[in-house]
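Take a look at the structure below.
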Amino acid sequence: MNGIEQSLIGGVEGGTAILLPSLGELIGELSGVINLGTEGCMLAGALGAYAVAVTTGSALLGILGGIAAGAFFGLIHSYLSVYRKADQLASGLVVWFLALGLTSVFGTGYVNDSITPLTIISIPGLSKIPWIGPILFKHDILVYLSYALVVALVVILKKTRLGLLLRATGERPEVVGVAGNRPALVQLIAVTLGAGLAGIGGAQLSVGYVGNWFNDMTSGYGFIAVAVVLFASWKPARVMVGAYLFGVVLAASSVLQAHGIAVNQYLLDSLPYLATLIALIAVSKKGGSNAPEALTRALTDTT
Amino acid sequence: MVDSAEIDLTRLEQDAKLDSTKNLLEVFKICKTFGTLRANHDVSFTLKAGEVHALLGENGAGKSTLMKILYGIQKADSGSITFMGKVVNIDSPAIARNLGLGMVFQDLRLIPALTVWENVALHTKLGGKILRKNNICELIDQASQRYGLAVDPNAKVGDLSIGEWQRVELIKVLLAGAKVLILDEPTSVLAPQEVDALFDIIRRLKNDGVGIVIITHKLREVRAIADRVSVLRGGKQILCDLPAQDITNDDLVKAMVGEFVNPITNSDRGSGSSSQSTLVALDLTLRAHGEGTGLKGVDFDVKSGEILGIAGIAGNGQRELADLLTGARMADRGDIELKGQRLTVAGPKHYRMAGMLGVVADPIREFVVPGLTVAEHAALWLATSSKKLRFDIGSATKWLHQVADRIGLPLAPSSKRLDQLSGGNIQRVILTLAFADPSQGLVVSYPTRGLDVRTAEMTHGLLIDARKQGTAVVLISEDIDELLSLSDRIAVISHGRISGLLEAKNTDRLEIGRLMTQEAS
Chain P
338 MNGIEQSLIG GVEGGTAILL PSLGELIGEL SGVINLGTEG CMLAGALGAY
388 AVAVTTGSAL LGILGGIAAG AFFGLIHSYL SVYRKADQLA SGLVVWFLAL
438 GLTSVFGTGY VNDSITPLTI ISIPGLSKIP WIGPILFKHD ILVYLSYALV
488 VALVVILKKT RLGLLLRATG ERPEVVGVAG NRPALVQLIA VTLGAGLAGI
538 GGAQLSVGYV GNWFNDMTSG YGFIAVAVVL FASWKPARVM VGAYLFGVVL
588 AASSVLQAHG IAVNQYLLDS LPYLATLIAL IAVSKKGGSN APEALTRALT
638 DTT
Chain L
68 MVDSAEIDLT RLEQDAKLDS TKNLLEVFKI CKTFGTLRAN HDVSFTLKAG
118 EVHALLGENG AGKSTLMKIL YGIQKADSGS ITFMGKVVNI DSPAIARNLG
168 LGMVFQDLRL IPALTVWENV ALHTKLGGKI LRKNNICELI DQASQRYGLA
218 VDPNAKVGDL SIGEWQRVEL IKVLLAGAKV LILDEPTSVL APQEVDALFD
268 IIRRLKNDGV GIVIITHKLR EVRAIADRVS VLRGGKQILC DLPAQDITND
318 DLVKAMVGEF VNPITNSDRG SGSSSQSTLV ALDLTLRAHG EGTGLKGVDF
368 DVKSGEILGI AGIAGNGQRE LADLLTGARM ADRGDIELKG QRLTVAGPKH
418 YRMAGMLGVV ADPIREFVVP GLTVAEHAAL WLATSSKKLR FDIGSATKWL
468 HQVADRIGLP LAPSSKRLDQ LSGGNIQRVI LTLAFADPSQ GLVVSYPTRG
518 LDVRTAEMTH GLLIDARKQG TAVVLISEDI DELLSLSDRI AVISHGRISG
568 LLEAKNTDRL EIGRLMTQEA S
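Chains P and L supply the protein sequences, listed in that same order. With this note's numbering as the guide, the letters of the first sequence map in order to residues 338 to 640. With this note's numbering as the guide, the letters of the second sequence map in order to residues 68 to 588.
In structure tokens, the structure reads:
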């Protein structure tokens with residue numbers, strides 16, 4: 338196994354922890370609500386999953402704990418920003434800080450615990466394909482779940498009434514209201530569901546990829562997820578590519594260090610933000626942006 | 068799949084045929100007050116199947132309130148609504164729609180980022196949970212053919228013209244099963260030819276038994292299409308269910324306004340203006356940003372004591388032109404000269420200093436500072452052309468009162484916050500400031516928008532006075548009648564170009580309309 342292959346395998350594994358929250362963030366943003374608290378929802382998900390896994394001895398049950406914890410913070414964010422009309426950016430940041438603080442307090446007891454992480458499932462046949470097999474088909478269940486989610490999201494957005502309602506809400510919530518639907522409810526559900534996915538992303542770190550819990554263990558993955566959505570200009574398939582790209586960059590740095598090649602850690606840490614900066618410049622050009630029209634805008638009272 | 072489509076349209080037909088003698092809709096003694104304002108006081112009207120009922124009234128007469136009540140956006144304090152023989156409680160737009168009431172709003176309610184069929188699907192619940200695109204497109208095509216509403220189901224709504232938007236809106240409402248259509252000022256966004264096409268569509272719908280309420284303040288439309296009329300004024304019912312042929316235009320105006328208002332026209336248009344060009348625009352070019360078409364090499368000159376009308380469908384470059392002529396934006400190419408002084412690259416302040424004033428198109432966005440009073444806005448206006456550091460509210464208030472007395476437009480108290488006033492009140496403040504002192508050049512966008520008939524006529528008088536004093540006036544309007552009666556010459560703008568320059572007294576609506584819709588060559 339060479340360094341490149343290692344980087345790619347790690348890229349999918351770690352990239353999944355970016356992909357899941359990115360898909361969640363995509364759902365929320367398509368409904369018109371940005372969630373800067375995604376990082377917080379991931380942290381909550383990571384701890385929630387770990388705690389349940391330690392208590393029950395089952396990493397699979399842990400995932401459910403992760404979903405619940407992430408969704409809880411998503412519910413706070415959507416209640417504040419949708420129903421209380423709080424500024425979406427401020428509310429998101431509040432959720433991040435809140436989750437950071439609370440997971441530090443409640444997570445202390447779990448720092449030295451150990452769990453049996455999610456088992457690696459090799460897909461019969463497919464995992465034997467040279468190169469592609471180990472990279473794509475020898476992972477834990479959450480990686481396969483993320484594949485399925487991408488496909489499902491593409492279909493739902495393009496082919497179903499639910500997807501249409503979601504996209505329409507993010508574009509013109511007033512129109513959705515006049516058409517007899519409830520845009521606020523759509524946003525609440527979308528954000529909460531998205532935060533649940535961020536929670537699974539956290540679980541992918543704590544009970545999957547890393548198999549441990551420590552303070553602030555998501556170390557910016559949630560913010561990268563927000564950037565990936567922008568980078569992918571709100572298209573699920575591109576979100577997948579973007580997430581793996583970040584995953585590979587992050588994995589490659591560990592591989593390089595393992596091979597004794599010194600890379601400045603701070604420089605690596607700033608890479609995602611550099612990429613975000615480039616993405617911002619690329620999509621900020623007027624007319625080129627694919628952003629939902631009502632993104633970050635509070636609903637008016639007539640809806 | 069195809070069956071559901073046919074059922075949908077024939078059901079409409081049958082229901083309507085059954086009811087062609089009875090009232091489809093009965094609105095009885097609707098009352099609605101907001102605080103101390105009586106928006107609707109005992110308002111009633113009836114609508115039969117296959118009938119066009121015009122609801123006439125000035126801005127603020129209570130038409131919109133009544134429509135909002137009918138569509139379940141607002142709730143009436145008292146009164147009743149009977150639909151197809153049953154008293155109904157319309158608490159939400161969803162209920163109105165399920166009953167078969169369809170509303171086409173003035174600001175068309177479509178989502179630009181979605182395609183035509185997606186917009187229709189969103190509104191109608193057609194096509195089921197898993198959207199059957201072909202099914203929906205087929206329904207759209209059927210409705211298109213039946214009513215002459217040509218539109219491509221796969222087109223992105225954001226790429227369509229305003230006329231097409233309106234057709235999509237109609238299809239959407241029809242496919243939702245509307246038996247009663249309420250059209251709110253449907254012609255305000257259309258060119259004359261498009262208006263004729265719309266009336267054709269309305270006639271076809273009528274023949275199919277659809278009941279149509281058309282809200283308007285244009286007598287021309289009443290004559291063209293309405294079977295019966297009702298008139299509101301100040302929230303009260305003046306006329307109810309009168310056959311349209313039984314009333315003269317003069318009586319209708321009297322009913323709307325309360326007295327007869329003599330329309331002010333520019334009697335000596337096209338003559339008397341000096342030969343000297345005061346305001347010259349040369350090759351003005353501005354790239355398109357977001358909405359709007361930008362400008363592509365616009366040339367014109369306005370003489371001292373002349374009104375140049377700018378006609379065109381909204382969004383064809385009028386806004387850009389007004390911005391350039393007041394210095395709010397800078398042209399990518401071209402020149403603007405006022406009395407031989409090149410102003411091209413100067414900021415708004417220099418335009419003001421040089422004697423170039425403007426009445427903005429969108430007061431809420433471009434004029435009103437939330438939180439400031441009327442007097443403070445006057446002081447702000449004065450401060451732009453003053454070198455003094457002191458911001459003198461007292462003398463600004465005094466000045467405003469003097470000016471208001473001279474100009475004669477009724478103003479709200481100067482201590483009121485401007486952002487809390489109605490559109491008409493805001494417009495009167497803007498007009499008072501713009502006409503306070505004689506200017507070299509004046510760019511006026513939609514001056515009578517939101518004004519009642521009397522104030523609108525006073526504003527026309529002010530424009531003619533400015534012309535007499537030698538101001539070069541550029542009048543931007545979508546009201547062709549207004550342009551024809553006031554302008555000396557009319558420049559028609561289409562796709563950011565001047566598509567024609569006409570002598571106002573030698574032209575007519577149709578010629579202007581043709582130029583308005585001329586495609587870019």
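Virtual Cβ for every residue (Gly too), placed ideally from N, Cα, C.
Identify whether residue 435 (chain L) lies in helix, strand or coil by the three-state DSSP scheme. coil
Is residue 182 (chain L) near residue 224 (chain L), with beta carbons less than 9 Å apart? yes
Say whether chain L places a C-beta atom closer than 9 Å to the C-beta of residue 358 (chain P). no
When we look at the beta-carbon of residue 519 (chain L) and count the other beta-carbons within 10 Å, is it buried (16 or more) or exposed? buried
Based on the DSSP secondary-structure assignment, which residues constitute the bridge partners of residue 149 (chain L)? L:93, L:154
Compile a chain-ordered list of the residues in the stretch 179-207 of chain L whose CB is closer than 9 Å to at least one CB of chain P. 179, 180, 181, 185, 186, 188, 189, 190, 191, 192, 194, 195, 196, 197, 198, 200
Compile a chain-ordered list of the residues in the stretch 463-497 of chain P whose CB is closer than 8 Å to at least one CB of chain L. 496, 497
According to a CB-to-CB cut-off of less than 9 Å, which residues of the stretch 512-532 of chain P neighbour chain L? 512, 513, 514, 515, 516, 517, 518
In chain L, which residues lie with their C-beta within 8 Å of the C-beta of residue 501 (chain P)? 181, 185, 188, 189, 198
Residue 194 (chain L) vs residue 186 (chain L) beta-carbon contact at 9 Å: no
C-alpha distance - residue 292 (chain L) paired with residue 378 (chain L), whole-angstrom precision: 25 Å
Between which two residues does the alpha helix (DSSP H) harbouring residue 239 (chain L) extend? 229-242
Inter-residue spacing [alpha-carbon to alpha-carbon] between residue 118 (chain L) and residue 91 (chain L): 10 Å
CA-to-CA distance, residue 403 (chain P) to residue 347 (chain P), given in whole angstroms: 22 Å
Three-way DSSP call (helix, strand, coil) for residue 614 (chain L) in this model: Residue 614 (chain L) lies beyond the residue range present for chain L, which begins at 68 and ends at 588; the question has no answer from this structure.
Using a Cβ-Cβ cut-off of 9 Å, state whether residue 629 (chain P) counts as contacting chain L. yes
Using the three-state DSSP reduction, which class does residue 456 (chain L) fall into: helix, strand or coil? coil
Spell out the partners DSSP gives residue 404 (chain L) in its beta bridges. L:347, L:409
Measuring CB atoms only, is the stretch 209-226 of chain L touching the stretch 121-140 of chain L, in the sense that at least three cross pairs come out at less than 8 Å? no
How long is the line joining the alpha carbons of residue 431 (chain P) and residue 569 (chain P), rounded to whole angstroms? 26 Å
For the 8 Å Cβ check, are there 3 or more pairs between the stretch 468-478 of chain P and the stretch 412-422 of chain P? no
Pick out whichever of L:517, L:171, L:266 has its Cα sitting closest to the Cα of residue 429 (chain L). L:517
For residue 479 (chain P) versus residue 540 (chain P), is the C-beta spacing smaller than 9 Å? yes
In the structure shown, what three-state DSSP assignment does residue 596 (chain P) receive? coil
Residue 507 (chain L) in three-state terms, based on DSSP: coil
At a Cβ threshold of 9 Å, is residue 575 (chain P) touching chain L? no
With DSSP as the reference, label residue 552 (chain P) as helix, strand or coil. coil
In chain P, which residues lie with their C-beta within 9 Å of the C-beta of residue 177 (chain L)? 509, 512
Consider the Cβ of residue 437 (chain L): report whether some Cβ of chain P lies at a distance smaller than 9 Å. no
Anything in chain P within Cβ reach of residue 160 (chain L), meaning under 7 Å, just list it in chain order. 515, 517
Measuring alpha carbon to alpha carbon, tell me which of L:370, L:394, L:320 ends up nearest residue 342 (chain L). L:370
Check the Cβ of residue 164 (chain L) against every Cβ in chain C and list those closer than 7 Å, keeping chain order. Looking for chain C here will not work: the only protein chains present are P and L.
Quick one: what's got a C-beta closer than 7 Å to residue 593 (chain P)'s C-beta in the same chain, skipping five residues either side? 600
Using DSSP with H/G/I as helix, E/B as strand and the rest coil, what is residue 170 (chain L)? strand
When the Cα of residue 545 (chain P) is compared with those of P:408, P:452, P:342, P:421, which residue comes out closest? P:452
Residues in the stretch 416-440 of chain P having any Cβ partner in chain L nearer than 7 Å: none
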